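In what follows, a structure is listed as structure tokens, so that the remarks can point back to it.
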């Protein structure tokens with residue numbers, strides 16, 4: 233989710249530079265500022281106890297940034313959901329999960345049950361499940377390379 237936002241910002245900067253709306257000095261300054269923002273964002277997981285890893289932080293963003301979830305549940309509960317999501321998703325992930333709808337359906341059901349168990353607002357759970365699946369697509373290659381995805 234956040235990676236997409238940073239990519240859009242970078243693309244916008246490059247487009248503005250190519251259209252000569254920014255000088256070389258301005259684009260460099262903007263890129264440095266973007267790099268600082270990305271570095272700060274990468275350290276956000278350190279504020280949690282225990283700290284969230286990059287995988288967990290991505291899933292935290294997927295469940296926390298929807299509607300009033302953060303206000304209703306609080307960061308501690310949402311970080312617990314993120315930790316559980318990473319464990320459950322890695323445990324149930326198959327190498328070909330993206331291509332096989334039955335596997336995707338099983339993952340959706342697992343995510344839905346996990347969110348319900350933690351008391352996640354039902355009116356936001358469908359969107360949260362979709363975001364979690366999008367995050368999984370981002371991590372699928374990494375997890376399958378390090379052996380976290382099980383064979384079908």
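Residue numbers (the numbering used here): 233 to 384.
We put the beta carbon where it would ideally sit given N, CA and C, even for glycine.
All values reported here derive from a predicted model rather than from experimental measurement.
Check your understanding: Which of the three DSSP states, helix, strand or coil, is assigned to residue 268?
Key -> Helix at residue 268.
Check your understanding: If you scan the segment 299 to 341 from start to end, which runs of the alpha helix (DSSP H) of 4 or more residues do you find wholly inside it?
Key -> The alpha helix (DSSP H) runs lying completely inside the segment 299 to 341 and spanning 4 residues or more are 301 to 324, given in chain order.
Review point. Going straight from the alpha carbon of residue 322 to that of residue 343, what length do you get?
Key: 12 Å
Review point. Quick one, are the C-beta atoms of residue 234 and residue 293 less than 8 Å apart?
Key: yes
**Study point:** residue 275 versus residue 290: straight-line alpha-carbon distance, rounded
**Key:** Counting only the Cα atoms, residue 290 lies some 12 Å from residue 275.
**Study point:** Environment of residue 208 [buried if 16+ CB atoms lie within 10 Å]
**Key:** For the chain, the structure presents residues 233 to 384; residue 208 sits outside this window and is missing.
Practice item. Verify whether the separation of the beta carbon atoms of residue 245 and residue 260 is less than 8 Å. Key: no
Review point. According to the Cβ coordinates, are residue 360 and residue 339 closer than 8 Å?
Key: no
Review point. How many angstroms separate the CA atom of residue 236 from the CA atom of residue 282?
Key: 26 Å
Exercise for review: Determine the burial state of residue 313: buried for a count of at least 16 other Cβ atoms within 10 Å of its Cβ, exposed for fewer.
Suggested key: buried
Review point. Pick from 334, 279, 320: whose alpha carbon is nearest that of residue 364?
Key: Of 334, 279, 320, the smallest CA-CA separation from residue 364 is found for 320.
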